[in-house]
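S.K.: Here it is: the structure, laid out below.
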Amino acid sequence: MKRNNLKKDKELFKSIKKERKRREETLEMIPSENHTSPAVLEAMSTILTDKYAEGYPKKRYYGGNEYIDEVELLAQKRAQKLFSVPFANVQPYSGSPANMAVYLACMEPGDKVLGMNLKDGGHLTHGWKVSFSGIYYESAFYGVNQETERIDLEEVEKIAQKEKPKLIWVGGSAYPRQFDWKGFSKIADRVDAFLAADIAHIAGLIVAEVHDSPVEYADIITTTTHKTLRGPRGGMVMVTDKGLRRDSDLQKKINKAVFPGLQGGPHEHQIAAKAVCFKEALEDDFKDYGKKVVKNNKKLAEELKKRDFRLITGGSDNHLSLIDLRNKKMGGKEAESLLEKAGITINKNAIPNDPAPPADPSGIRLGTPAITTRGMKSKEMIEIARVIDEVITAKEVKKARKDIEKIARRFPLPYDF
Ligand SMILES: Cc1ncc(COP(=O)(O)O)c(C=O)c1O
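The numbering of the sequence shown is our numbering, which starts it at 6 and goes up by one.
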């Protein structure tokens, strides 16, 4: 894209160009980020951004939506096909608003939600006190077993029986293993709670069939569209057949919760970009991409273990690893900063039972979705693990930066801007 008009805004364009250069020279290894395709980017900058379309296809509160309806219906249809669900609301602006809609549809203020503890890898919107979900709803939490560092379903069952939540969340932001949807579903059924699967991180892996799908077991599925799914920044709520059996009005309730409950006019340019993303994810080579993300992450994990890095749970089944840095005598904050200087973008992260404060936790979280999009493979994972080790163990940054830039330049970004 030439972007000649945007170039006229020199002040802004300079920052965007610098961000472009940063990406060219460095590696994006935050597991919740990716590089979108040129088609997704183009959809995001279409004229669809101008249109008000409050409501839903064929039932809008504004005129002139004949073609906007086509776009939104296409996005819905592709989402339903991609995840094999009977219903998808593609309007949520992002993952947190998608999750909010679930509360508004299924709960009254003050009702109880059970989610995974943020400190053990859950998400803020699953009941954490500082989020709307912990402010307006009662919350209870399950965590991971201290020894295995994995979710212990017996423990979840005990907590669910005691707390009797109306909604149970399964899914998280920093859990390196598969979720046992079936096990959670049994628990939710026994306490008569809605089961919501938040697949924000792993949606692309589910599509690629390298992570089990919750579609048979959850009532509701929420996701972001910008992580492993590789679409525009956005969110979505789906209802499954199981959910409709639990409450035949569930799809109506979700729609009402998104609009008018939470949002005004949907961002139709973003919905168009979601439609592009779903089409790309329906293609065979997306399966190949998802497989490579996991293969790369496993290789990276293996190489880091060889260099005496302690991986939470001993390894990873998915796109991310959580690393305990205590044996390396370095906090997560310093590691994040040094690695950034070396050209590897990761984030500091709490580890289960972290004795350190959230501002400087004992761990880091890193993953392979974006570097796999650039085409990197096992050979690069070996090189990256070596550089990470040099940075953390020897605090060697200058040479590391050169090495990383060399790797990054071998793999151009997928877009031309
Ligand atoms: C599991 C999970 N759910 C929901 C969200 C929220 O998404 P967003 O940041 O788009 O609001 C995230 C984002 O990190 C997430 O990891």
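Here a beta-carbon is modelled for each residue, glycine too, at the ideal position from N, C-alpha and C.
Confirm the yes/no value for this check: CB of Asn352, any heavy atom of ligand 1, distance under 7 Å.
M.R.: The sequence position of residue 352 within the sequence shown is 347, counting from 1. Result no, Cβ not under 7 Å from ligand 1.
S.K.: Just reading off the beta strand (DSSP E) that Trp186 is part of, what are its end residues?
M.R.: Working through the sequence shown from its first residue, we reach residue 186 at position 181. From DSSP, Trp186 is part of no beta strand (DSSP E) but of the alpha helix (DSSP H) over 186-195.
S.K.: Candidates Phe314, Ala179, Glu159, Lys169: which alpha carbon is nearest Ser144's?
M.R.: Indexing the sequence shown from 1 puts residue 144 at position 139. Of Phe314, Ala179, Glu159, Lys169, the residue nearest in Cα terms is Lys169.
S.K.: Taking Cβ to Cβ, would you say Leu172 is nearer than 8 Å to Asn323?
M.R.: Your numbering for residue 172 matches position 167 in the sequence shown. Your numbering for residue 323 matches position 318 in the sequence shown. Against a cut-off of 8 Å, the Cβ pair of Asn323 and Leu172 comes out as no contact.
S.K.: If I measure Cβ to Cβ from Ser383 and keep anything under 8 Å in the same chain, skipping five residues before and after, which residues do I get?
M.R.: On the sequence shown, position 378 is the one that residue 383 refers to. Taken in chain order, the residues that qualify are Lys300, Asn301, Lys304.
S.K.: Please report the distance separating the alpha-carbon of Lys124 from that of Gly239.
M.R.: On the sequence shown, position 119 is the one that residue 124 refers to. On the sequence shown, position 234 is the one that residue 239 refers to. Here the alpha carbons of Gly239 and Lys124 stand approximately 25 Å from one another.
S.K.: Just checking, does the region 40-56 make contact with the region 266-275 on the three C-beta pairs under 8 Å criterion?
M.R.: Touching, yes.
S.K.: In the DSSP output, what is Ala93 paired with across the bridge?
M.R.: Here residue 93 refers to the residue found at position 88 when the sequence shown is read from its first residue. DSSP lists Met243 as partners of Ala93.
S.K.: How about Pro366 and Gly337: do their beta carbons lie closer than 8 Å?
M.R.: On the sequence shown, residue 366 is found 361 positions in, with the first residue counted as 1. On the sequence shown, residue 337 is found 332 positions in, with the first residue counted as 1. The answer is yes: Cβ separation under 8 Å.
S.K.: Spatial neighbours of Thr377 within its chain, please: CB distance less than 6 Å, with the 5 preceding and 5 following residues excluded, ordered by chain position.
M.R.: Taking the first residue of the sequence shown as 1, we reach residue 377 at position 372. Once the five neighbours on either side are set aside, the close Cβ partners of Thr377 are Lys297, Val298, Asn301.
S.K.: Hey, Ile409 and Ala347: beta-carbon distance below 8 Å or not?
M.R.: Taking the first residue of the sequence shown as 1, we reach residue 409 at position 404. Taking the first residue of the sequence shown as 1, we reach residue 347 at position 342. Going by C-beta atoms, Ile409 is nearer than 8 Å to Ala347.
S.K.: Quick check: does the Cβ of Asp203 come within less than 7 Å of any heavy atom belonging to ligand 1?
M.R.: For this step, residue 203 is matched to residue 198 along the sequence shown. Yes, the Cβ of Asp203 comes within 7 Å of a heavy atom of ligand 1.
S.K.: From Lys86 to Lys232, what distance separates their C-alpha atoms?
M.R.: Numbered from 1 along the sequence shown, position 81 holds the residue referred to as residue 86. Numbered from 1 along the sequence shown, position 227 holds the residue referred to as residue 232. Straight-line Cα distance between these residues: approximately 19 Å.
S.K.: Which residues share a DSSP beta bridge with Ile226?
M.R.: Residue mapping note: residue 226 aligns to position 221 of the sequence shown, counting from 1. Ala202, Met243.
S.K.: Say yes only if the C-beta of His206 is nearer than 7 Å to one or more non-hydrogen atoms of ligand 1, and no if none qualify.
M.R.: Position 201 of the sequence shown holds residue 206. Checking the Cβ of His206 against ligand 1 gives yes.
S.K.: Taking only three categories from DSSP, how would you classify Asn122?
M.R.: Residue numbering aside, residue 122 sits at position 117 when the sequence shown is read from its first letter. The answer is coil: DSSP assigns Asn122 none of H, G, I, E or B.
S.K.: Quick check on Asp394: does DSSP put it in helix, strand or coil?
M.R.: If you number the sequence shown from 1, residue 394 lands on position 389. In the structure shown, Asp394 sits in a helix (DSSP, three-state: H, G or I).
S.K.: Please give me, in chain order, every unbroken run of the beta strand (DSSP E) with length at least 3 that falls completely inside the region 235-281.
M.R.: 240-244
S.K.: Please report the straight-line C-alpha distance between Ile204 and Ala110, rounded to a whole angstrom.
M.R.: By one-based count along the sequence shown, residue 204 stands at place 199. By one-based count along the sequence shown, residue 110 stands at place 105. One Cα belongs to Ile204, the other to Ala110, and the distance between them is close to 18 Å.
S.K.: Counting C-beta neighbours from all protein chains within 10 Å, is the total for Glu29 16 or more, i.e. buried, or is it exposed?
M.R.: Taking the first residue of the sequence shown as position 1, residue 29 is located at position 24. Its Cβ having fewer than 16 others within 10 Å, Glu29 is exposed.
S.K.: Tell me, which residues are paired with Phe146 by DSSP?
M.R.: As a first step, residue 146 is located in the sequence shown; it is residue number 141 there, counting from the start. The partner list for Phe146 (beta bridge, DSSP) reads Gly120.
S.K.: Hey, out of Leu267, Pro265, Ala262, Glu221, whose CA is closest to Leu249's CA?
M.R.: Counting from one through the sequence shown, the residue named residue 249 turns up at place 244. With distances taken between Cα atoms, Leu249 lies closest to Glu221.
S.K.: Let me know the secondary structure DSSP gives Arg27 once reduced to three states.
M.R.: Stepping through the sequence shown from its first residue, residue 27 is reached at position 22. Arg27: helix per DSSP, three-state reduction.
S.K.: I'd like the span of the alpha helix (DSSP H) that includes Asn104, first residue to last.
M.R.: Position 99 of the sequence shown holds residue 104. Start and end: 100-111.
S.K.: Have a look at Trp186 and Leu158 and give me their C-alpha separation to the nearest angstrom.
M.R.: As a first step, residue 186 is located in the sequence shown; it is residue number 181 there, counting from the start. As a first step, residue 158 is located in the sequence shown; it is residue number 153 there, counting from the start. The straight-line gap from Cα to Cα measures roughly 11 Å.
S.K.: By alpha-carbon positions, which one of Pro91, Ala286, His128, Val281 ends up nearest to Leu79?
M.R.: Taking the first residue of the sequence shown as position 1, residue 79 is located at position 74. That would be Val281, whose Cα lies nearest to the Cα of Leu79.
S.K.: Taking 7 Å as the cut-off, is the beta-carbon of Gly176 closer than that to any non-hydrogen atom of ligand 1?
M.R.: Indexing the sequence shown from 1 puts residue 176 at position 171. Yes, Cβ of Gly176 sits closer than 7 Å to a heavy atom of ligand 1.
S.K.: Judging by CA-CA distance, which residue of Arg27, Leu309, Met241 is the nearest neighbour of Thr398?
M.R.: Position 393 of the sequence shown, counted from the first residue, corresponds to residue 398. The shortest Cα separation from Thr398 among Arg27, Leu309, Met241 belongs to Leu309.
S.K.: Let's test the definition: count the other Cβ atoms within 10 Å of the Cβ of Asp329 and tell me whether it reaches 16, buried, or not, exposed.
M.R.: By one-based count along the sequence shown, residue 329 stands at place 324. Result: buried.
S.K.: Taking Cβ positions, are Asp217 and Phe199 nearer each other than 8 Å?
M.R.: If you number the sequence shown from 1, residue 217 lands on position 212. If you number the sequence shown from 1, residue 199 lands on position 194. No. Outside cutoff.
S.K.: Is there at least one non-hydrogen atom of ligand 1 closer than 7 Å to the beta-carbon of Gly209?
M.R.: As a position in the sequence shown, residue 209 is number 204, starting the count at 1. No, Cβ of Gly209 sits at least 7 Å from all heavy atoms of ligand 1.
S.K.: If we ignore side chains and look at the alpha-carbon of each, how far apart do Tyr66 and Ala58 end up?
M.R.: Counted from its first residue, the sequence shown places residue 66 at position 61. Counted from its first residue, the sequence shown places residue 58 at position 53. A straight-line Cα-Cα distance of about 7 Å links Tyr66 and Ala58.
S.K.: Under a Cβ-count criterion, where at least 16 other Cβ atoms within 10 Å of its own Cβ denotes burial, should Phe18 be classed as buried or exposed?
M.R.: Counting from one through the sequence shown, the residue named residue 18 turns up at place 13. With fewer than 16 other CB atoms across the displayed protein chains lying within 10 angstroms of its CB, Phe18 is exposed.
S.K.: How would you write the range of the beta strand (DSSP E) that Leu172 sits in, first residue to last?
M.R.: For the purposes of this step, residue 172 is identified with residue 167 of the sequence shown, where counting begins at 1. Per DSSP, Leu172 belongs to the beta strand (DSSP E) from 172-175.
S.K.: Please report the Cβ distance between Thr4 and Ala201, rounded to the nearest whole angstrom; I am assuming they are in contact, meaning their Cβ atoms lie under 8 Å.
M.R.: What is shown of the chain runs 6 to 422, which leaves residue 4 out entirely.
S.K.: Less than 8 Å between C-beta atoms, sequence neighbours within five positions excluded: which residues of the same chain meet that for Gly139?
M.R.: For the purposes of this step, residue 139 is identified with residue 134 of the sequence shown, where counting begins at 1. Closer than 8 Å at Cβ, skipping near neighbours: Gly132, Trp133.
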